[in-house]
Amino acid sequence: MTRTIAVLAAVWLAASASAAVAKDKVKVGFIGPLTGGTAANGIGGRNSADLAVKLRNADAKAKYEYELMVLDDECKPNVGVQVATKMAADRSVIAAATHYCSAVAIGTVETYHKFGFPIIVWGAVLPDITYRNKFAEVHRVNGTMINQNETAAKLMASLGFKKWVVIHDTTDYGKGHNKYFSESLKPLGGEILGTFGVTADQQDFTAELTQAKALNPEVIYFGGLTPIGIRIRSQMDKLGLNAVFQGTSGIKSDAYIEGLGPLAEGSLAFIEGAPIEKLPGGQMFKAEYDKAGYKEPPEAYGAFAFAGMKLILDKIEEVGPDRNKVRDALGKVANYDSIVGPVTFDDHGQNTVPIITKYVAQDGKWVVWEDSEYASGKRKLKK
Amino acid sequence: MDITLFGQYLMNGLMLGVIYGLVAVGFTLFFGVLDVIKFSHGDVLTVGAFTAFATYLALKAAQVPSPWLQLLAMSVVAMTSMAFLGALIAKYLVLPLRTAPALNTLLLTLMLGTVLREGVRLIFPDGSNPKPFPRLLPSDAFSFGAFTLRIDTVILLLSGLAMIVATHFLINRTKLGLAIRAVAQDGETAMTMGINFTAIVLITFALGSGLAAFAGVMNGLYYNEINFGMGLLLGVFGFSAAVVGGLGNIYGAILGGFLFAGLQTIGAVALPFASAYKDVFALAVLIAIMAWRPTGLIAERTSERV
């Protein structure tokens, strides 16, 4: 009898000891487009956020064990609101890194606010996402298309271009690009000969491009995402429309170059942030990403998804798994050291110190403009 | 308007019209023999284009140098395998539902379309991203002012038209075509005349799906880009073209294809509002036509449907 009690006592002691060692589980979320035309970017972001969680779980000093809930917004506003509601309504999820597509992000911020669910936008660049409202729950680590288009207009004007035709998709993303680029270009003396709005899943652009060709522009400015960027660039060639193809962050993906082959040469793109190798924590990120063995590349915004997720995890470690506390802690972030450079949120939750990098496609790669043969004068952008 | 500019618009529109027409003919064939609407048709086109692309990659790996040979192999492989897929769909999904309400077939094929589309995306390596379709046709171009005519566009246009004419001959001048027409007219009577109903239905589905694969290859060669979602919109446009032309009538489908392409071009070019509304415009006109002629432009005679 005494032996049985002793055994039971030992079992009980062992059980309570292991309970003290096991960490509490905390859920965090990720939302991005995992299917549909922009799925490549979404999957790159998902992998990067997943990496941040894995690295934290591998860290013995972490107070909690994190679990990542991943949902697919399909880059569609209606689906986005559904999955955002699903995640925000689940009180066990503390915070999330959300959205690559601006049209989705602008639709979901209300939902996050309503549920008091703190989020960090990791890829969408529409200024209104942070600036239309003043929601304490909404933050963003990447810059906006305002910054991006200022830089773009300055570069192009300094290269001596004067005449543009603008093609943009009619989502908030494309319309925003059209607006901010046009505004940035005007004081620099550039002229926009024509503006065409196109739908985001259009296949045939020959009618628009034939009209554009008749206007004889030096540059086609395209505000939209990779899939139709590829189609427009390729159909420009078909119609003999010789102009520089100036894109935005939306086409800065490996998929753009892979989809076009040699035709991609000389296309321009601008993104918030810098190439992985040039980011303050880029080496570490790339090394860890490769080591984790993800099949797909992180794409342009993977580092932001990683930085956003890491910031969330840091704040949960600091204040505990409580939505309100995490929200308040995120609101106070200033000079936070991240792999995309220092992060400081203004009173709208917008990172105020975003870096913008200019890119040109050269020999089948996106090359930072300053390092390219186009900047050194060895090659010229074809008019 | 400048005549050269007009020529360019006309060429663009004709090319679109041929592609829409080829898709529409499929819809109309299926409706003719079985009175069903097969919504996975556009996605069969996508699978066809990707099959051709995969064939190209295989040939490239096997170092087959001639672009004509590559093209021939790609078209043959894509068309035969899609014809086979079409027959399979008919045998195992559409025919078993013959006695069920037509809505069931419609829903089933709608779901099948999603399966095919997502299948391409997930199974094809890096299938989420657009793929560069090879340029196998000579790309020499002539320019007259605003009009740039490329040889590859001309070849594509002519082969598309040839395919439509060939289909017309098959339906109207061959014994097989006679059988298809007989089944379309009255399946039961055709059976009593000794026509193998199931075989004819399978052949018709194979024919329509083969045409879709051809349109997929054409689409790839014309735009030099294919993606897993390409068939979705083409399916919708092709279906609209078939309906407005008169579902069940081959000429109606072709007419509808060109009409829809023309409306889209007009919507993008001649109307004062943003070209983003061109599809809205084109579809609105189709709705108006449907209200005016509910059975389509070439109204089917109740006795003849193919």
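Protein chains in written order, with this note's numbering: chain L, 271 to 653; chain B, 1055 to 1360.
The beta-carbon is built from N, C-alpha and C at its ideal position, and this holds for glycine as well.
Using a Cβ-Cβ cutoff of less than 8 Å, which residues in the same chain neighbour residue i once the five nearest sequence positions on both sides are dropped?
i	result
L:E344	P303, L304, T305, G306, G350
B:I1425	Look at the range of chain B in this structure, 1055 to 1360, and you will see that residue 1425 of chain B is not part of it.
B:L1365	Because chain B here runs from 1055 to 1360, residue 1365 of chain B falls outside it and cannot be looked at.
L:E488	F431, K432, K433, W434, A513, V514, K653
B:L1164	F1093, S1094
Just verifying my parser: in three-state terms, what is the DSSP assignment at residue i?
i	result
L:K346	coil
L:Y491	strand
B:M1247	coil
L:H497	Reading off the sequence shown, one finds Pro at residue 497 of chain L, where the question assumed His. DSSP places L:P497 in helix when its eight states are reduced to three.
L:D607	strand
L:W211	Residue 211 of chain L lies beyond the range of chain L shown here (271 to 653); nothing can be said about it.
B:L1135	The identity of residue 1135 of chain B in the sequence shown is Ser, whereas the question assumes Leu. Helix, per DSSP.
L:V589	helix
L:Q472	coil
L:R649	coil
L:G510	coil
B:A1269	helix
Just to confirm before moving on: does the CB-CB distance between residue i and residue j stay below 7 Å?
i	j	result
L:V596	L:P388	yes
B:G1096	B:F1312	no
L:A562	L:L338	no
L:V323	L:L341	no
B:L1265	B:G1080	yes
B:A1307	B:A1116	no
B:L1211	B:Y1276	no
L:Y450	L:N412	no
L:T480	L:Q505	no
B:G1310	B:V1298	yes
L:D439	L:A470	yes
L:L533	L:Q516	no
B:A1244	B:M1133	no
B:S1213	L:E478	no
L:E542	L:A310	no
Quick one: using the 10 Å Cβ neighbour count with 16 as the cut-off for buried, is residue i buried or exposed?
i	result
B:A1156	exposed
L:D442	buried
L:Y629	buried
B:I1341	exposed
L:T421	buried
B:R1204	buried
B:D1333	buried
B:R1227	exposed
L:Q553	exposed
B:Y1146	exposed
B:I1057	exposed
B:F1196	exposed
L:W636	buried
L:A287	Annotation note: pLDDT 48 at L:A287 (below 50); position unreliable, coordinate value reported separately. That one is exposed.
L:L485	exposed
Run through chain L and tell me which residues come within less than 7 Å of residue i, C-beta to C-beta.
i	result
B:L1287	D471, Q473
B:E1279	I500, R501, S504, G529
B:S1204	Per the sequence presented here, residue 1204 of chain B reads as Arg, with Ser not at that position. Near B:R1204 (Cβ distances below 7 Å), the residues of chain L are K508.
B:A1195	G510
B:A1330	T440, G467, V468, T469
B:K1185	G529
B:L1070	D474
B:T1100	Going along chain L, no residue has its Cβ under 7 Å from B:T1100, so there is no contact; the nearest lies around 12 Å.
With a threshold of 7 Å on Cβ separation, who are the neighbours of residue i within its own chain once the five nearest residues in sequence on each side are excluded?
i	result
L:R410	I390, V391, I399, T400, G619, Q620, N621
B:Q1124	Y1110, L1113, V1118, L1190
L:P612	N605, Y606, V623
L:L530	I500, R503, S504
L:V589	K595, V596, A599
List the residues of chain B that residue i touches, going by C-beta distances under 9 Å, in chain order.
i	result
L:E488	Here the premise fails: no neighbours, minimum Cβ distance about 17 Å.
L:G307	S1182, N1183, P1184, N1281, F1282, G1283
Going along the chain, which residues of its own chain have a beta-carbon closer than 6 Å to the beta-carbon of residue i, five neighbours each way excluded?
i	result
B:L1149	none
B:L1166	S1094
B:Y1305	I1352
L:K556	I546
B:A1260	A1137, G1140, A1141
L:T496	I521, S523, A525, Y526
L:E587	K333
L:T355	T381
Who are the neighbours of residue i on chain L, taking C-beta pairs under 8 Å?
i	result
B:M1284	Q473
B:A1266	Near B:A1266 there are no residues of chain L at all, since even the closest Cβ is about 15 Å away, more than 8 Å.
Quick one: which chain B residues come within Cβ less than 8 Å of residue i?
i	result
L:T480	L1059, Q1062, Y1063, N1066, A1200, V1323
So which residues of chain L does residue i contact, with C-beta pairs closer than 9 Å?
i	result
B:D1333	T469, Q472
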